[in-house]
Amino acid sequence: MDKLSLQDPVFATYVIAATLMILKAVSMSWLTVLHMMQVKGGFRSPEDIKKTPLNPKPNPQQLEPNERVERIRRIQMNDLESLPFFLVAGFLFVFTEPSLLLARGLFYGYVVSRLLHFAAYFTARTHDTRATHWTVGSVILIAMTCRTLLAALGY
Amino acid sequence: MDKLSLQDPVFATYVIAATLMILKAVSMSWLTVLHMMQVKGGFRSPEDIKKTPLNPKPNPQQLEPNERVERIRRIQMNDLESLPFFLVAGFLFVFTEPSLLLARGLFYGYVVSRLLHFAAYFTARTHDTRATHWTVGSVILIAMTCRTLLAALGY
Amino acid sequence: MDKLSLQDPVFATYVIAATLMILKAVSMSWLTVLHMMQVKGGFRSPEDIKKTPLNPKPNPQQLEPNERVERIRRIQMNDLESLPFFLVAGFLFVFTEPSLLLARGLFYGYVVSRLLHFAAYFTARTHDTRATHWTVGSVILIAMTCRTLLAALGY
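Protein chains in written order, with our numbering: chain A, 36 to 190; chain B, 36 to 190; chain C, 36 to 190.
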């Protein structure tokens with residue numbers, strides 16, 4: 036059995052979902068950078084208000100929290116609480132030899148739920164909308180993990 | 036050699052420990068939700084005090100930090116600093132072909148140390164108790180990682 | 036093909052880089068502990084100012100943020116935003132069967148960029164220096180991930 040190959044459809048599906056989620060996570064760092072540059076603030080370290088080519092006119096207010104920047108940081112924090120666990124859970128789920136249909140449903144379902152969660156959070160939709168998207172992803176993650184645990188226990 | 040199979044006892048041991056830790060991590064998110072619903076507060080985003088079915092009587096105090104909610108967030112933060120690295124380190128440790136006894140001792144020892152850490156943190160035991168449980172898990176993680184590094188270097 | 040073996044040079048390179056990064060991440064937790072012990076403060080939980088053998092003379096100021104401790108926490112936060120994703124992205128990149136030269140360049144390049152980032156952050160170099168090191172690592176991570184995504188899509 037050569038499950039772990041990009042030629043295997045289930046593993047390839049996992050890799051596509053995993054790499055998309057990694058790119059999503061890394062994008063949050065860049066989006067934080069972008070927003071800090073736009074508002075010229077939201078910095079966190081004392082040395083960030085030294086005069087440099089990237090910050091020619093520093094002032095102490097740049098160290099105060101900026102809501103636009105903090106919003107991205109909250110989105111990123113939510114990613115950190117979820118994505119690393121999806122990345123490992125999804126990988127281990129491959130060993131339960133799911134059907135391609137099930138793998139696609141769960142892996143891509145998770146990806147879509149996280150993109151919708153981002154859209155809702157970024158545009159400041161109500162808590163209930165954001166929570167709904169988050170819940171879909173979390174339930175998929177829990178379901179995959181429980182299925183894998185049972186398989187490892189021999190059920 | 037087919038190390039990466041749920042039929043392999045060492046790999047299955049890893050998968051059991053890993054999925055338990057993933058479920059533990061995800062539970063922290065749900066526990067945060069549960070506490071936020073109980074105290075009707077501890078929210079973080081300005082839009083969370085809009086009136087919605089889940090928050091019919093919003094008020095600005097809901098955005099203030101709530102110690103019960105913050106405690107879970109600190110526990111979760113501690114998870115994020117540890118669990119993703121255990122998940123990868125444990126997986127790579129499988130490639131060093133440890134005995135089943137050693138694998139069980141380290142993998143399940145880590146799981147138990149994290150559950151005790153959670154119990155101590157959640158019930159606000161002294162720092163020393165909490166730190167002791169944390170240290171056991173951290174030392175297991177470091178030992179596995181060093182062993183794997185040496186094996187990859189050919190020792 | 037037995038790509039996933041410590042005898043395989045590309046996989047062994049990944050494992051060396053991954054274990055070094057895991058040790059780096061875990062070190063940040065210990066460095067936080069060390070700094071908290073040195074300044075006898077920077078604690079976060081109310082129970083941390085109970086009298087214990089490790090904290091024989093507690094006082095409420097120990098719960099106030101301490102810049103030396105906060106600096107390590109910011110460094111660690113930066114690790115959490117990057118390293119877990121590198122660990123998975125690097126592993127999946129192995130399946131694209133890169134040349135050993137390319138794998139070494141990317142994996143060890145990432146490791147070096149993170150160590151330089153740590154050095155710049157720890158010694159409070161200017162934001163621009165720190166950002167440069169961070170950018171190198173982030174670009175390597177993005178490049179590996181995009182290459183893997185394309186391979187999984189069949190390109």
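The beta-carbon is built from N, C-alpha and C at its ideal position, and this holds for glycine as well.
{"Query": "Compute the Euclidean distance between the alpha carbons of C:Val147 and C:Leu176, then round it to the nearest angstrom.", "Result": "13 angstroms"}
{"Query": "Given that a residue counts as buried once 16 or more other Cβ atoms are within 10 Å of its Cβ, and exposed if not, what is C:Thr158?", "Result": "exposed"}
{"Query": "Between which two residues does the alpha helix (DSSP H) containing B:Ser173 stretch?", "Result": "His162 to Ala187"}
{"Query": "Have a look at the DSSP bridge pairing and note the partners of C:Asn90.", "Result": "C:Thr87"}
{"Query": "Could you say if the region 102 to 118 of chain A and the region 75 to 82 of chain A meet the contact criterion of at least three C-beta pairs nearer than 8 angstroms?", "Result": "yes"}
{"Query": "Listed in chain order, which residues of the region 87 to 110 of chain A have Cβ atoms closer than 9 angstroms to some Cβ of chain B?", "Result": "Glu102, Glu105, Arg106 and Arg109"}
{"Query": "For chain C, check one thing: does any of its Cβ atoms lie closer than 7 angstroms to the Cβ of B:Val123?", "Result": "yes"}
{"Query": "Over what stretch of residues does the alpha helix (DSSP H) that includes C:Tyr49 continue unbroken?", "Result": "Pro44 to Val74"}
{"Query": "Would you grab the beta carbon distance between B:Leu115 and A:Leu115 for me? Rounded to a whole angstrom, and I think it's under 8 angstroms.", "Result": "6 angstroms"}
{"Query": "Let me see if you follow: with CB-CB separation under 7 angstroms, is B:Leu184 close to chain C or not?", "Result": "yes"}
{"Query": "So which residues of chain A does B:Leu55 contact, with C-beta pairs closer than 8 angstroms?", "Result": "Leu184"}
{"Query": "Does chain A have any CB closer than 7 angstroms to the CB of B:Glu82?", "Result": "yes"}
{"Query": "Excluding sequence positions up to five away, which residues of its chain have a Cβ less than 8 angstroms from the Cβ of C:Leu185?", "Result": "none"}
{"Query": "Leaving out the 5 sequence neighbours to the left and right, which residues in its chain are closer than 7 angstroms to A:Ala60 when beta-carbon positions are compared?", "Result": "Asp114 and Leu118"}
{"Query": "Within 7 angstroms of any Cβ in chain C, is that where the Cβ of A:Ser173 sits?", "Result": "no"}
{"Query": "Is A:Leu115 close to chain B, meaning its C-beta is less than 7 angstroms from at least one C-beta of that chain?", "Result": "yes"}
{"Query": "Let me know if B:Ala178 comes out buried or exposed under the rule of 16 or more other beta-carbons within 10 Å of its beta-carbon.", "Result": "exposed"}
{"Query": "Can you pull the chain B neighbours of A:Pro119, defined as C-beta to C-beta under 7 angstroms?", "Result": "Pro119"}
{"Query": "Is the shortest distance between the beta-carbon of A:His162 and the beta-carbons of chain B less than 7 angstroms?", "Result": "yes"}
{"Query": "Go ahead and pull the three-state DSSP assignment for B:Phe130.", "Result": "coil"}
{"Query": "So the candidates are B:Gly189, B:Ala187, B:Leu188 and B:Thr170; which of them puts its Cα closest to the Cα of C:Ser62?", "Result": "B:Thr170"}
{"Query": "Quick one: does B:Thr180 have its CB under 7 angstroms from some CB of chain C?", "Result": "yes"}
{"Query": "Does A:Ile194 come within less than 7 angstroms of chain B when only Cβ atoms are used?", "Result": "Any answer about residue 194 of chain A is impossible in this case: the structure gives chain A only from 36 up to 190."}
{"Query": "Over what stretch of residues does the alpha helix (DSSP H) that includes A:Phe78 continue unbroken?", "Result": "Counting along the chain, A:Phe78 falls outside any alpha helix (DSSP H), and DSSP gives it neither H nor E."}
{"Query": "Please list, in chain order, the chain B residues whose beta carbon lies closer than 9 angstroms to that of A:Phe130.", "Result": "Leu39, Ser40, Leu41, Phe46 and Val50"}
{"Query": "Any C-beta of chain A sitting closer than 7 angstroms to the C-beta of C:Phe153?", "Result": "no"}
{"Query": "DSSP on C:Leu41, reduced to helix/strand/coil?", "Result": "coil"}
{"Query": "Taking C:Gly140 as the reference, which of C:Leu58, C:Phe120 and C:Gly172 has the closest Cα?", "Result": "C:Gly172"}
{"Query": "Looking at C:Val129 and A:Leu122, is the spacing between their C-beta atoms short of 7 angstroms?", "Result": "no"}
{"Query": "For a contact meaning CB atoms closer than 8 angstroms, what does B:Lys85 contact in chain A?", "Result": "Thr161 and His162"}
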